[in-house]
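To keep things clear, I will list the structure first and then write my remarks on it.
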């Protein structure tokens, strides 16, 4: 064999080996080799589920755009997105689209570009508002001389959600106290209200209080009395939800099987909204993407080493059979989260209110737990009924954090104080243990404008 | 082909308006005929909403408020918002025409004229009450037939709201005044 033939043979073997390697990687769970760059903090968990965004091998930007809308579209609709696509498809904005093609999400949020990714996953220079709003000072003299890098400062403007920051809202809340006299969380909907949901199996599990002797878990291997006792103490037993409600599954052919460890699939038959939130948020998004459950070890935030290998599911916070919502609201969070904000919670005034509530020294719904802010009770419209449920997507009101103002902070605090507090990074770090050291002037500017103009004869019509 | 499809869709959706033209050839419809038909529907709906809903319930009977912040205030949507939400829905559905409500004296500065045709057209309809303005313009890479129709203050509610709004650049509107214009665009071959 001459040298030329040997080279060809070696080259062929090398090529085949590389091909085998890539084919193996395509079929494996670790596809990192195909990732063109590190992903944003919002998507890093699902990096190995390429098909969540790249839904089709063929096709261009429209494929990515529909993937963005699939996960984030409803959220944008709910907050009346200030810059909807329809604003930019209008031909009169063609010149603006040329500057900044805001018809598609990836213009501002390009994935796999960690080196240029800023807050909220934005991959544009901070002064991008300039492209369309360079003449803002002509209509708003108060904005003269302001740098375009400051538009999105906390308490001023957001690109998408301005539901707590629009001028009339600020005006309405001028001069509010730091702490409101009626400081209280929304009261959660009762079980009776929940049964109004069409999917609630009220016929199978009528609202009759059950005790240990009523349990229907004859299929189960676990006949431990402690389990029965724990269940008897829960809202589940109180509301007539027997063991079979979670542990039994009926197949299409009608065959009933016992599920030893129910997943969120069981929970969602009654708690669909909560499960949806869980799967949309960082706790459950891996499950939604068809990956293994999230573990704290995968997180980008500091987590307690002892919990690193804990797999997140409904019961990892709610603990099976006990379903203690008070535990889920604080201790469950602190069993994993180890960042400075979490670690400072128990020294904060918020914890003081929570401690008083759980020890019976104050009224129900007056304490502020981790969940009060990060899984807040919000009004949801289900089957035309308005229900107050816990939002289980704990990231929803953090992008950006001004989203907390209306549904969380303003339950207890005035708007101005809330804006200032959320703009103070050190205060967030020490879990609001103190007063804001920064002041956002947005309400002052509205007040100033109000004084300058002649008071209108009537509001609205 | 694109225009033919658009014309066909327009014909179907505006059957009531064009019911007397059942023998019109789809390919024969002129952009002006199309925009005139579209505007007649828009103007009729807008007037009905303003008079029968806002004028009656919010102004006369005072059973419900109408507010720019209708969601927060649990109020009726303002007529201009009603019109814009319709335009947004049309855009979301990918229709081959677009429309906007603009003014030389807009409450929202984003709704002042931007293109040369908008500037010329809005001035024309304000200076020539009762007349429409038609033109062509190139925006981006596309040529458009652009029609601008006067938007008249048809109810007291329109006048009082605009004259009293904190962001209005004009406070002396009277009933029957041209307050702005409806701009309809249809893409045409260059």
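Chains as they are written, first to last, in the working numbering: chain D, 141 to 601; chain C, 114 to 303.
Even glycine gets a Cβ: it sits at the ideal position worked out from N, Cα and C.
The model shown is predicted, which means the values in this text are computed figures rather than measured ones.
Item	Value
Leaving out five residues before and five after residue 132/C in sequence, what residues of the same chain have Cβ atoms less than 8 Å from its Cβ?	Note that residue 132/C scores 47 on pLDDT, short of 50, meaning its location in the model is unreliable; the coordinates nonetheless yield the value given after this. Excluding sequence neighbours, residue 132/C sits near nothing in its chain.
Please check if any C-beta of chain D sits within less than 7 Å of the C-beta of residue 148/C.	no
So with CB distances below 9 Å, who are the chain D contacts of residue 257/C?	231
Beta-carbon within less than 7 Å of residue 440/D's beta-carbon, same chain only, minus the 5 sequence neighbours each way: which residues are those?	181 and 184
I need the straight-line Cα distance from residue 218/C to residue 282/D, nearest angstrom please.	21 Å
Hey, is residue 395/D close to the ligand GDP, as in C-beta under 6 Å from one of its heavy atoms?	This structure lacks the ligand GDP, and indeed carries no ligand of any kind.
Based on DSSP bridge pairs, tell me the residues matched to residue 300/C.	257/C
Can you tell me the Cα-Cα spacing of residue 293/D and residue 563/D, whole angstroms?	8 Å
With DSSP as the reference, identify every bridge partner of residue 263/C, one or two as the case may be.	294/C
Between the Cα of residue 568/D and those of 487/D, 586/D and 496/D, spot the shortest distance and give me the residue it belongs to.	487/D
Would you tell me roughly how many angstroms separate the C-alpha atoms of residue 296/D and residue 291/C, rounded to the nearest one?	35 Å
Would DSSP call residue 179/C helix, strand or coil?	strand
Beta-carbon of residue 593/D versus every beta-carbon of chain C: anything under 7 Å?	yes
Rounded C-beta distance between residue 325/D and residue 512/D? I'm assuming under 8 Å.	6 Å
Going along chain C in order, which residues have a C-beta closer than 7 Å to the C-beta of residue 226/D?	201, 204 and 205
What do you reckon, are the CB atoms on residue 251/D and residue 337/D nearer than 7 Å?	no
Would residue 298/C pass as an interface residue toward chain D - the criterion being a Cβ-Cβ separation below 7 Å?	yes
Rounded C-beta distance between residue 559/D and residue 545/D? I'm assuming under 8 Å.	7 Å
For residue 530/D, which of 461/D, 221/D and 509/D has the nearest alpha-carbon?	509/D
Using DSSP with H/G/I as helix, E/B as strand and the rest coil, what is residue 169/C?	helix
Could you please tell me which residues of the segment 491–518 of chain D, in chain order, have their CB closer than 8 Å to any CB of chain C?	none
DSSP three-state label for residue 247/D, please.	helix
Does residue 214/D have its Cβ less than 7 Å from a Cβ in chain C?	no
Mind listing, in chain order, the continuous beta strand (DSSP E) runs of no fewer than 3 residues lying wholly within the segment 333–402 of chain D?	388–390 and 396–398
Less than 7 Å between the C-beta atoms of residue 298/C and residue 257/C, yes or no?	yes
Step through the CB atoms of chain D and report whether any lies within less than 7 Å of the CB of residue 293/C.	no
Could you tell me which whole alpha helix (DSSP H) segments of length 4 or greater appear in the segment 228–316 of chain D?	234–239, 270–273, 276–279 and 307–312
Counting only beta-carbon atoms, is residue 222/C nearer than 7 Å to chain D?	yes
Quick one, are the C-beta atoms of residue 555/D and residue 313/D less than 7 Å apart?	yes
Strictly by DSSP, which residues pair up with residue 215/C?	294/C
Sort out for me which residues DSSP pairs residue 163/D with in a bridge.	For residue 163/D, which the question treats as bridged, DSSP gives no partner whatsoever.
In the DSSP assignment, find the beta strand (DSSP E) that holds residue 519/D and state where it starts and stops.	517–522
Does the CB of residue 279/D have a neighbour CB from chain C at under 7 Å?	yes
From the DSSP output, read off the bridge partner residues of residue 526/D.	521/D
Which value, in whole angstroms, describes the spacing of the CA atoms of residue 576/D and residue 566/D?	9 Å
Just tell me which of 190/C, 198/C and 296/C has its CA closest to the CA of residue 250/C.	296/C
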